[in-house]
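Line by line, the protein sequences are chains R and P.
Residue 453 is where the first sequence starts when you use my numbering, and the numbers rise one by one after that.
Residue 2 is where the second sequence starts when you use my numbering, and the numbers rise one by one after that.
Using N, Cα and C, we set each Cβ at its ideal position, and we do this for glycine too.
Notes follow once the structure below has been shown.
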Amino acid sequence: MKKVKIYITLKEGVLDPQGKAVQTSLNTLGFNEVQEARVGKYMELLVEDNADVEAKIEEMCSKLLANPVIEDYSYTIEEGILQ
Amino acid sequence: MKFAVIVFPGSNCDRDMYFAAKDALGEEADLVWYQDADLSTYDAILLPGGFSYGDYLRSGAIASTSHVVAQLKEQAAKGTPILGVCNGFQILLESGLLPGAMLRNKKLKFMCHQEKLVVQNNKTIFSSLYAEKEDITVPIAHGEGNYYCDEQTLQQLRANDQIIFTYKENPNGSVADIAGIVNEQGNVLGMMPHPERAVDKWLGSEDGLRLFQSLLNNWRESYVAGA
Chain R
453 MKKVKIYITL
463 KEGVLDPQGK
473 AVQTSLNTLG
483 FNEVQEARVG
493 KYMELLVEDN
503 ADVEAKIEEM
513 CSKLLANPVI
523 EDYSYTIEEG
533 ILQ
Chain P
2 MKFAVIVFPG
12 SNCDRDMYFA
22 AKDALGEEAD
32 LVWYQDADLS
42 TYDAILLPGG
52 FSYGDYLRSG
62 AIASTSHVVA
72 QLKEQAAKGT
82 PILGVCNGFQ
92 ILLESGLLPG
102 AMLRNKKLKF
112 MCHQEKLVVQ
122 NNKTIFSSLY
132 AEKEDITVPI
142 AHGEGNYYCD
152 EQTLQQLRAN
162 DQIIFTYKEN
172 PNGSVADIAG
182 IVNEQGNVLG
192 MMPHPERAVD
202 KWLGSEDGLR
212 LFQSLLNNWR
222 ESYVAGA
């Protein structure tokens, strides 16, 4: 099996009101060094070993997991996961 | 005129939509469970508000993968009028039937109140009974109604006159005050405000009723012209 770790973030330039609220709260707690916070999503998929897993993951991300209008995605694939 | 109101798990404005079509407008309407839907026998399709699939992943994202959306795309291409309100709008965006995406409201608050809209284009099948630039009152009820699209898409929306309703006082941060847009062909309308909740004076406004009446008028005209 392969473990795929997927990170989804709002595109640069897209307003992130949630991130802004997190940043304000961190500043309120005294973490004044925080200049920006962006909130995204993290997902883990356990995928059957398959030669074109990368192409499949690309398709999954663009079709469903991320919305290309507002979001970017990246992922890492870990091989040899035992279930 | 026969309306289909598609019901997804988590829809909660389906009955409002159904009664707007059936009682306020006085036409035929069916509540159609998304898995059993055969959309080919309807004159117009209504996608109601709510929280389909609990808004998991993104609002409307899971619903947009359901089989009924394939039928929806077929009907959209055929020219069947399709109205998506609130979560219905989000589903239309997620399924690519309309351009853009929804973000959380600028102030992160769920907002539920009457809102003033401006009719920007009254030359569509959805808006022909409004006056151009008319102010109307229609309630909003959403946490993710902050419409977003890139500059190029906005220019296209403007060039094709696809912006139908704008907010008079933008409550959620939407690009260009956008409250409702149509597709290029003009038969698919998505809007965050709820016209189905503004179909009688005792609801606080009856300004939403003319949207349904516009649809009916245009359907009658095309029916007569086609007969």
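- Within chain P, the C-beta atoms nearer than 7 angstroms to that of L516(R) come from A62, T66, in chain order.
- Looking at the DSSP output, A64(P) bridges to nothing.
- Residues of the region 86–108 of chain P with a C-beta atom less than 9 angstroms from some C-beta of chain R are L94, E95, P100, G101, A102, M103, L104, R105, N106, K107, K108, listed in chain order.
- The Cβ of N479(R) sits no closer than 7 angstroms to any Cβ of chain P.
- Per the DSSP secondary-structure output, S526(R) pairs in a beta bridge with Y459(R).
- C150(P) reaches chain R at V521, counting residues in chain order whose Cβ is nearer than 8 angstroms.
- V200(P) and D17(P) have their C-alpha atoms some 10 angstroms from each other.
- DSSP, reduced to helix, strand and coil, places A226(P) within a helical segment of the structure shown.
- For S12(P), DSSP records a beta bridge to G51(P).
- Annotated three-state conformation of M453(R) is coil, per DSSP.
- Note on L48(P): 16 or more other CB atoms within 10 angstroms of its CB, so buried under the neighbour-count rule.
- Between E531(R) and K472(R), the C-beta spacing is not below 7 angstroms.
- By the Cβ-count criterion, P520(R) is exposed, with fewer than 16 other Cβ atoms from all chains shown falling within 10 Å of its own Cβ.
- Residue pairing by DSSP places Q115(P) opposite P140(P) in a beta bridge.
- Contacts between R59(P) and chain R, judged by CB atoms closer than 7 angstroms, involve N519 in chain order.
- Chain P has no Cβ within less than 7 angstroms of the Cβ of A507(R).
- For the pair of segments examined, the region 191–206 of chain P was found to touch the region 7–27 of chain P: the number of CB pairs separated by less than 8 angstroms reaches three.
- Contact of A489(R) with chain P is not assigned, every C-beta pair being separated by 7 angstroms or more.
- In the structure shown, L497(R) adopts extended strand secondary structure according to DSSP, grouped into three states.
- Three or more beta-carbon pairs drawn from the region 83–92 of chain P and the region 50–67 of chain P are found closer than 8 angstroms, and the two stretches are therefore classed as touching.
- P100(P) sits close to T154(P), with the two beta carbons spaced by under 7 angstroms.
- Distances from the CA of D151(P) to each of T167(P), Y54(P), S175(P), L84(P) were compared; the closest alpha carbon is that of S175(P).
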